Amino acid sequence: MARIHSHKKGKSHSNRPPTIRSTQWIRFDNKEIEALIVKLAKEGYPPSMIGVKLRDEYGIPLVKPLIGKSISDILKEHNITPEIPEDLNNLLKKAKRLQEHLKRHKSDRKNVHSLELLEAKIHRLAKYYKKKGILPKDWKYKAVVAQLV
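Just so you know, my numbering puts 64 at position 63 of the sequence shown, and the rest follows in order with no gaps.
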């Protein structure tokens, strides 16, 4: 898959196993896995971090093939979903860090351009989430690039 704002190819990632055939080594049943997911979500972990913790600490490789539901589906059932989706929240945090950098370094033109590209990603993702009904229709991200230049 290609990058959005560059002419490079994407990073190569490791491949997941196509199916989990042998699950004798997993010590947890479906109810215990769901309880772990809910517990980790209440501790404040986002869905991606929950998956990493389940893999590294509890030895549960993939939740969806075992239970039949994804982590975000389980969180929706228990009404623990965050108000802003995790990927959009990460982009917003990144934009905030970049804005703080640009307040200190006003002549950094490369990062002004990076902030423009990042805000374009935020607007694209917000438009998608509004269309899906995940974000409210009146949610708005205020662009800061015009104020900096």
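We put the CB at the ideal spot given by N, CA and C, even for glycine. The structure displayed is predicted, hence computed values, not measured ones.
Whole-angstrom Cβ separation of residue i and residue j, contact assumed at under 8 Å?
{"i": "I198", "j": "I81", "result": "Any property of residue 198 remains undetermined from this structure, which presents the chain solely from 2 to 150."}
{"i": "P86", "j": "Y130", "result": "6 Å"}
{"i": "A96", "j": "L126", "result": "Wrong, their Cβ atoms sit about 12 Å apart, outside the cutoff."}
{"i": "Q100", "j": "L116", "result": "7 Å"}
Here's the rule: buried if 16 or more other CB atoms are within 10 angstroms of the residue's CB, otherwise exposed. What is residue i?
{"i": "P48", "result": "buried"}
{"i": "P137", "result": "exposed"}
{"i": "S7", "result": "exposed"}
{"i": "S73", "result": "buried"}
Distance, Cα to Cα, residue i vs residue j?
{"i": "L103", "j": "I51", "result": "33 Å"}
{"i": "H106", "j": "N112", "result": "9 Å"}
{"i": "I135", "j": "K128", "result": "10 Å"}
{"i": "Y59", "j": "F29", "result": "9 Å"}
{"i": "M2", "j": "K122", "result": "Below a pLDDT of 50, predicted positions are generally treated as unreliable, and M2, at 49, falls in that range; the measurement from the model is reported next regardless. Straight-line Cα distance between these residues: approximately 16 Å."}
{"i": "P19", "j": "R110", "result": "45 Å"}
{"i": "R56", "j": "R4", "result": "28 Å"}
{"i": "L63", "j": "W26", "result": "13 Å"}
{"i": "K133", "j": "T24", "result": "35 Å"}
{"i": "R98", "j": "N31", "result": "39 Å"}
{"i": "H124", "j": "Y46", "result": "25 Å"}
{"i": "H114", "j": "A144", "result": "13 Å"}
For the alpha helix (DSSP H) holding residue i, just list the boundary residues, first then last.
{"i": "H79", "result": "Counting along the chain, H79 falls outside any alpha helix (DSSP H), and DSSP gives it neither H nor E."}
{"i": "H102", "result": "E87 to R105"}
{"i": "L136", "result": "Where L136 is concerned, there is no enclosing alpha helix (DSSP H), given that its DSSP letter is neither H nor E."}
{"i": "E44", "result": "Taken as a continuous stretch (DSSP letters only), E44 belongs to no alpha helix (DSSP H), as it is neither H nor E."}
{"i": "I5", "result": "No alpha helix (DSSP H) holds I5; DSSP gives it neither H nor E."}
{"i": "I68", "result": "V64 to I68"}
Segment contact flag, the region 52 to 70 with the region 85 to 103, C-beta cutoff 8 Å, min 3 pairs: no
The region 71 to 81 / the region 25 to 40 touching (three or more Cβ pairs under 8 Å): yes
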